[in-house]
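Report on the structure given below.
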Amino acid sequence: MKMTTEEAFVKVLQKHGIEHVFGIIGSAFMPISDIFPQAGISFWDCAHEGSGGMMADGYTRATGKMSMMIAQNGPGITNFVTAVKTAYWNHTPLLLVTPQAANKTVGQGGFQEVEQMALFKDMVAYQEEVRDPSRIAEVLARVIAQAKRHSAPAQINIPRDMWTQVVDITLPEPVEFESSPGGSSSVAQAAALLSEAKNPVLLNGAGVVLSKGGIAASMALAERLDAPVCVGYQHNDAFPGSHPLFAGPLGYNGSKAAMELIKDADVVLALGTRLNPFSTLPGYGIEYWPANAKIIQVDINPNRIGLTKTVDVGIVGDAAKVAAGILEQLADTAGDMGRDARRSHIAKTKSAWAQQLSSMDHEDDDPGTTWNQRARDDKPDWMSPRMAWRAIQSALPREAIISSDIGNNCAIGNAYPDFDSGRKYLAPGLFGPCGYGLPSVIGAKIGCPDVPVVGFSGDGAFGIAVTELTAIGRKEWPAVTQVVFRNYQWGAEKRNSTLWYDDNFVGTELDTQVSYAGIAQACGLQGVVARTMDELTAALNKAVDDQMNHGKTTLIEALINQELGEPFRRDAMKKPVAVAGIDPADMVPQTGS
């Protein structure tokens, strides 16, 4: 069939149901963007490509449907780097389209030229360049298939002179692959270990959310064993929060109940998780990873099994199918050993932690430091971060999709949110980019217009995404709600400064004259300042109502004191020792030209 290359490209997008594209318009792809409206494809022109990529990540994580990222070759594409790596570690299948400088000028150092394939080499699961116009549909279909297969971004690089070519082409049909239920021998070994366990524990990761039926399958297995279920860091939605067996998240500022329960495990089923190191770092002074437990790890990627923890059984497969297979092969007596005592212990441990968490108003100082006490004394009437999180919990709709940013105040909130279903918690993941909170919930709202969405960011991280306020006020963009914790500092690095650098706050202070609520208002949005817990709860209630019933976007600036939570990297930091010493007199002036 004869058609143009841009027609072939868009027809492949249609065959794969890719309806939403995020980026900034550029001449290098205008032949396809020109026909997006005719094809039923929405182009969301953001204010910065980095945020556009995070919108794509939020859309796909919230819906399970692939979306696409595209921008002008060169600087437009380089702005996607952080977002693509973020999506890679979030296991998000995205289509990254990178228009390239024309073939006849590549290598000449022409306008907006950069090595785009090399740029994303370790950030995508698969990448391929179109070598001939007649192959554009074939290559695109393969890239989309690889993104789905690996649950990660995949890249198609297209020299801009490939467009507007008339080609004779056959459009390939989408090829779907059935996910694996795991090897029969390894599943049987796992079932045998769990059948004999006295204190089995499930640890659910992102794979449980991504797997069709993964949460339900893990629930059935946990109930059969009466095993507590922990979730990995930033995966609070991988098991229903209201379930009596839900123990909460491990990792930084997670659930002490989860840590205490997994510490006593004799068998751990790590389901749909690569067991990333950050998910098992000590918390609350507890070294909770069970050194003598038998470990069963389930992951779709064999390269990640046994990578960070020694495992006794490794299973390459889909989380839902593997969990169902294990359940089928459990012995009749599985879970019976110590069942009643285990149930009681789970309930008591959870209750004690819930009471402790509800009474935690302030952050502790490490011995020898006094910053948090000084912060409370300096602003005695201001909310602490934990007070703000409790006020938020009072107003947050149970069905809401929320996002979190990287930073101290968002991390303090890690133990608070739980959910009834998956695809509800959009955290930035292990690449740890600042500026994720706002764009990710925008993407989620585009995909789930009937669900309330609320983004959370510290004021440092939000400054990276603040430009999106200039884009989202247009009538075609959906309404969202964003909470910014305003304490005028880069909190995570400031806590490092208090612990290891004697309060030498280099680069940690933000401009106290800036009003994010005022910027929102200047962009035609609603901007509100909340100074107390009651004001914050009321503001969030109204903002969600305005979002859902009146189509209005609201930014809530929550003023909090400068208390600082647990540092991210006790495992990687130590106090420096001066040896040679540094003296300003050693500075040699430059002469200039």
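Take the sequence shown: its position 340, counting from 1, is numbered 338 in the numbering used here, and each next residue is one higher.
We put the CB at the ideal spot given by N, CA and C, even for glycine.
Closest by C-alpha distance to asparagine 370, when choosing among Val164, Val137, Gly563 and Thr80: Comparing Cα-Cα distances from asparagine 370 to each of Val164, Val137, Gly563 and Thr80, the minimum goes to Gly563.
Per-residue burial, glutamate 507 [other beta carbons within 10 Å of its own, 16 or more giving buried]: Under this definition glutamate 507 is an exposed residue.
Residue from Asn406, Ala393 and Ala321 whose Cα sits closest to the Cα of lysine 540: Of Asn406, Ala393 and Ala321, the smallest CA-CA separation from lysine 540 is found for Ala393.
Beta-carbon gap between valine 19 and isoleucine 39 smaller than 9 Å: Closer than 9 Å, so yes.
Residue span of the alpha helix (DSSP H) that contains tryptophan 351, given as start and end: That run of the alpha helix (DSSP H) goes 337 to 356.
Residue interval of the beta strand (DSSP E) (run including isoleucine 462): Under the DSSP assignment, isoleucine 462 falls outside any beta strand (DSSP E), being part of the alpha helix (DSSP H) whose first and last residues are 457 to 463.
Residues of its chain near proline 592, where Cβ-Cβ distance is below 8 Å and the 5 sequence neighbours each way are ignored: Outside the modelled stretch of the chain, which goes from -1 to 591, sits residue 592, for which no answer is possible.
For glycine 411 and valine 402, believed in contact at Cβ under 8 Å, the rounded distance: It should be pointed out that residue 402 corresponds to serine in this sequence rather than to valine. With a contact defined as Cβ atoms closer than 8 Å, serine 402 and glycine 411 qualify at about 7 Å.
Which listed residue (Leu92, Thr468, Ser25 and Ala389) has its alpha carbon closest to that of leucine 557: That would be Ala389, whose Cα lies nearest to the Cα of leucine 557.
Distance cut-off 8 Å: arginine 222 Cβ against heavy atoms of the ligand GDP: Here there are no bound small molecules, and the ligand GDP is not part of this structure.
CB contact flag (aspartate 532, tyrosine 486, <9 Å): No, the pair does not count as a contact, with Cβ atoms beyond the cut-off.
Simplified DSSP assignment, three categories, for aspartate 375: Note: aspartate 375 maps to helix in three-state DSSP.
Cβ neighbours of alanine 289 in the same chain (closer than 7 Å, five flanking residues each side left out): None.
Euclidean distance between Cα positions of arginine 384 and alanine 225: If you draw a straight line from the Cα of arginine 384 to the Cα of alanine 225, it comes to about 30 Å.
Alpha-carbon to alpha-carbon, glycine 252 and asparagine 77: Straight-line Cα distance between these residues: approximately 32 Å.
Closest by C-alpha distance to alanine 123, when choosing among Gln110, Leu138 and His89: Of Gln110, Leu138 and His89, the smallest CA-CA separation from alanine 123 is found for His89.
Check whether lysine 254 and glycine 230 have beta carbons under 9 Å apart: Cβ distance not < 9 Å, so lysine 254 and glycine 230 don't count as in contact.
The alpha helix (DSSP H) enclosing serine 184, as first and last residue numbers: Residues 182 to 193.
Whole-Å CB distance - proline 151 paired with methionine 121, under 8 Å assumed: By a beta-carbon distance limit of 8 Å, proline 151 contacts methionine 121. Their separation comes to about 7 Å.
Alanine 69 beta carbon less than 9 Å from that of proline 97: A distance below 9 Å separates the beta carbons of proline 97 and alanine 69.
DSSP-derived helix/strand/coil call for valine 314: Of the three classes helix, strand and coil, the one that applies to valine 314 here is strand, per DSSP.
Residue nearest to valine 185 in terms of C-alpha spacing, selected from Met160, Lys319, Phe118 and Pro198: The shortest Cα separation from valine 185 among Met160, Lys319, Phe118 and Pro198 belongs to Lys319.
CA nearest to the CA of leucine 436, picked from Ala413, Ala469, Pro415 and Leu223: That would be Ala469, whose Cα lies nearest to the Cα of leucine 436.
Under the three-state DSSP convention, the category leucine 117 falls into: Here leucine 117 sits in helix by DSSP.
Beta-carbon gap between serine 149 and isoleucine 298 smaller than 9 Å: Yes; because the gap between Cβ atoms is below 9 Å, this pair is in contact.
Among Ala528, Cys432 and Val577, nearest to leucine 595 - alpha-carbon criterion: No statement about residue 595 is possible, as the shown extent of the chain runs from -1 to 591 and does not include it.
Cβ pair methionine 28, glycine 50 closer than 9 Å: Methionine 28 places its beta carbon 9 Å or farther from that of glycine 50.
Residue span of the alpha helix (DSSP H) that contains tyrosine 86, given as start and end: Counting along the chain, tyrosine 86 sits inside the alpha helix (DSSP H) bounded by residues 79 to 87.
Cβ neighbours of lysine 146 in the same chain (closer than 6 Å, five flanking residues each side left out): Excluding positions up to five away in sequence, the list reads Pro91.
Closest by C-alpha distance to lysine 492, when choosing among Phe566, Ile134 and Val227: Minimum Cα distance to lysine 492 is reached at Phe566.
Cβ-based neighbour list, isoleucine 284, same chain, cut-off 6 Å, excluding 5 preceding and 5 following: These residues qualify, in order along the chain: Met257.
Helix, strand or coil at asparagine 547 [DSSP, three-state]: Three-state DSSP puts asparagine 547 in a helix.
Contact belief for valine 464 with tyrosine 514 at Cβ below 8 Å, rounded distance in angstroms: Sure, about 7 Å apart at Cβ, within 8 Å.
Three or more C-beta pairs below 8 Å linking the segment 0 to 15 and the segment 428 to 446: No, the segment 0 to 15 does not touch the segment 428 to 446.
Residues near alanine 189 in its chain [Cβ-Cβ closer than 6 Å; skip 5 each side]: So the qualifying residues of the chain are Ile324, Gln327 and Leu328.
Among Leu424, Ser349 and Trp287, nearest to aspartate 55 - alpha-carbon criterion: Among Leu424, Ser349 and Trp287, the Cα nearest to that of aspartate 55 belongs to Leu424.
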